Amino acid sequence: MSKKYDEIPIAGNIVEPGNSKGYLTGGWRAKKPIHKDETCLWIKNGTCGLCWIYCPDNSVKLIEKDGKYSYEYDYDYCKGCGICANECPTNSIHMEDE
Amino acid sequence: MVEYDKPAVAIKEMLKRDQVLSAGHRMCAGCAAPTVVKLMGMALRGPTIVCEATGCLEVATTIYPYTAWEIPWIHVAFENASAVASGVIEATKAMYAKGNYAHEHVDVIAIGGDGGTFDIGFGSLSGMLERGHDIVYMVYDNGAYQNTGIQRSGGTLPGQETTTSWAGKVEPGKRQKKKPLTEIVAAHKIPYVATVSPGYQRDFITKFRKALEVEGPAFIHAYSPCPRGWRSETGRSIELSRLAVQTGIHPLYEVIDGEKYIMSGPSKRLKELTPMEEYWKTQGQFKHLFKPEWEEFRKQIQVDINHEWELLKKKCGI
Ligand code: SF4
Ligand code: SF4
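Heads up: the protein sequence lines correspond to chains S and D, in order. Going by this note's numbering, the residue at position 84 of the first sequence is 92; the numbering climbs one at a time, nothing skipped. Going by this note's numbering, the residue at position 300 of the second sequence is 418; the numbering climbs one at a time, nothing skipped.
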């Protein structure tokens, strides 16, 4: 993932905000969060979202499309900390070994 | 950057906001600091520049050739985030006056850890407050110099074990009290001072917005659990940030103009404080406190916390 000298902008500047997205941290994970739709309040009526609010790695994806709600993880970045699972008020998330 | 006339406190409003800090940063798994920054982002009202002291958040969000910051950001040194922020705000004014800058006003936020704020950057912080610069300073307090290897800081709690306050046969970890930084900052009679905890996100975002809106300096003291240094479970960081409020070691309140104290909802609603044992047992850095030889020391900490809590309640008129 590191760049060669001739791929780095002149004077070593970083020209793209938030380019850390090019560095995937998902490999740090020892446990992964698994979500269940049935009990989740976001899926039910687009409320709650505590897992999204607290996730330190922006790895919870709450999606709203055509009035329908869906839920995903971005396993490219999720470090498996378990905060989402610990904070979910309806126990809709559990952690599994990788 | 877009301008927002209100902070985002409801989930659907939050989802519409651009992130301030991107994924791919290298903060430890379960560190609360990125969440602290995310909540700060929900309060922003428009163009913003962040000036950061050296610290975990600075180091691990900007490992070359990457940056996780989506908004303008500058780091100079450990001790001078506040001085840099003062320079930045003066520079934007001068540039605007000369027609070289698009914004008449830009929000400037300075961020430091407890090491960079309680200790190393303390002088420059005090200078910024005295000069009355319109800056929000936020300390994310994880209780030690975690980034350099868990050394004790002025923000370290009594009884906390660090690599420079070892617990052993003769010492129970740090013996001294935590520096009352929020009080010291409030004594500068600045317009707004508040303590926040990421586990109470609504309170956090609302206060941060107030801090941005006042004219003159404002100070936000955010509690920020550190699973690596605290030897706590990574999944419990947000829960611990609430427990810190419930035990009274990080009560939530506001101080207006250095005089008017207001206790915030989550602290005001507490019937009584949760005993410190509940907090200590969640973290390896306190496990020695349960040895019989530290019983007196342990009790004394609780006595001190209760005393501070009563004092604070009195100041808040409750
Ligand atoms: S395990 Fe941690 S990093 Fe992964 S989605 Fe949950 S809160 Fe985010
Ligand atoms: S915290 Fe739980 S209930 Fe709330 S949105 Fe996340 S998964 Fe759904």
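Every residue gets a Cβ at the ideal spot worked out from N, C-alpha and C, and that includes glycine. None of these values were measured; they are calculated from a predicted model.
Item	Value
Status (buried if at least 16 other CB within 10 Å, exposed otherwise) for D/Arg-293	exposed
Span of the alpha helix (DSSP H) around S/Pro-41	From DSSP, S/Pro-41 is part of no alpha helix (DSSP H) but of the beta strand (DSSP E) over 39-43.
Heavy atom of ligand 1 within 6 angstroms of S/Pro-41 beta-carbon	yes
Beta carbon of D/Gly-273 nearer than 7 angstroms to that of S/Gly-90	no
Expected contact under 8 angstroms - CB spacing of D/Ser-355 and D/Tyr-341 to nearest Å	With a Cβ gap of about 10 angstroms, D/Ser-355 and D/Tyr-341 do not count as contacting.
D/Tyr-184: contacting residues in chain S (beta-carbon distance under 8 angstroms)	Ile-22, Asn-27, Ser-28, Gly-30 and Tyr-31
Within chain D, partners of S/Thr-47 - CB distance below 8 angstroms	Those within 8 angstroms of S/Thr-47 in chain D number zero; the least Cβ separation is about 17 angstroms.
Neighbourhood of S/Leu-32 by C-beta, 6 angstroms cutoff - its chain only, sequence neighbours within 5 removed	Asp-84
Bridge-paired residues (DSSP) for S/Lys-73	S/Lys-76
Alpha-carbon to alpha-carbon, D/Lys-432 and D/Arg-416	25 angstroms
Of the listed residues D/Lys-325, D/Gly-286 and D/Glu-426, nearest to D/Pro-410 (C-alpha basis)	D/Gly-286
Check whether S/Gly-26 and D/Glu-170 have beta carbons under 7 angstroms apart	no
S/Ser-67 beta carbon less than 7 angstroms from that of S/Asp-82	yes
Local Cβ density within 10 Å of D/Ala-128, reported as buried at 16 or more and exposed below that	exposed
Check your reading: residues with Cβ closer than 6 angstroms to ligand 1 heavy atoms	S/Pro-41, S/Cys-63, S/Asp-65, S/Ser-67, S/Val-68, S/Tyr-81, S/Cys-86, S/Lys-87, S/Gly-88, S/Cys-89, S/Gly-90, S/Ile-91 and S/Cys-92
S/Ser-78 Cβ short of 6 angstroms to ligand 2 heavy atom set	no
Heavy atom of ligand 2 within 6 angstroms of S/Ile-101 beta-carbon	yes
Proximity test, Cβ basis, 7 angstroms: S/Gly-13 and chain D	For the record, residue 13 of chain S in the displayed sequence is Tyr; it is not Gly. Cβ-Cβ to chain D under 7 angstroms: no for S/Tyr-13.
Alpha carbon of D/Glu-208 to alpha carbon of D/Ser-200, nearest angstrom	12 angstroms
Alpha carbon of D/Trp-398 to alpha carbon of D/Leu-275, nearest angstrom	11 angstroms
For D/Gln-420, the nearest candidate out of D/Leu-430, D/Gly-402, D/Gln-403 and D/Thr-392 (CA to CA)	D/Thr-392
Chain-order list of residues whose beta-carbon lies under 8 angstroms from that of D/Val-206 (same chain, five-residue window excluded)	Ile-167, Cys-169, Ile-192 and Val-226
Where the stretch 340-371 of chain D meets chain S: residues whose CB sits under 9 angstroms from a CB there	Pro-345, Glu-351, Thr-352, Gly-353, Arg-354, Ser-355, Ile-356 and Glu-357
S/Asn-99 at chain D interface by Cβ criterion, 7 angstroms	no
Proximity to D/Glu-377 [Cα-Cα], best of D/Pro-345, D/Ala-312, D/Gln-403 and D/Ile-423	D/Ala-312
Under 9 angstroms from the C-beta of S/Gly-90: neighbouring residues of chain D	Ala-147, Gly-148, Glu-351, Thr-352, Gly-353 and Arg-354
Contact between the stretch 343-353 of chain D and the stretch 326-334 of chain D (3+ Cβ pairs under 8 angstroms)	no
Any non-hydrogen atom of ligand 2 closer than 6 angstroms to S/Thr-98 Cβ	yes
CB contact below 7 angstroms: S/Asn-66 versus chain D	yes
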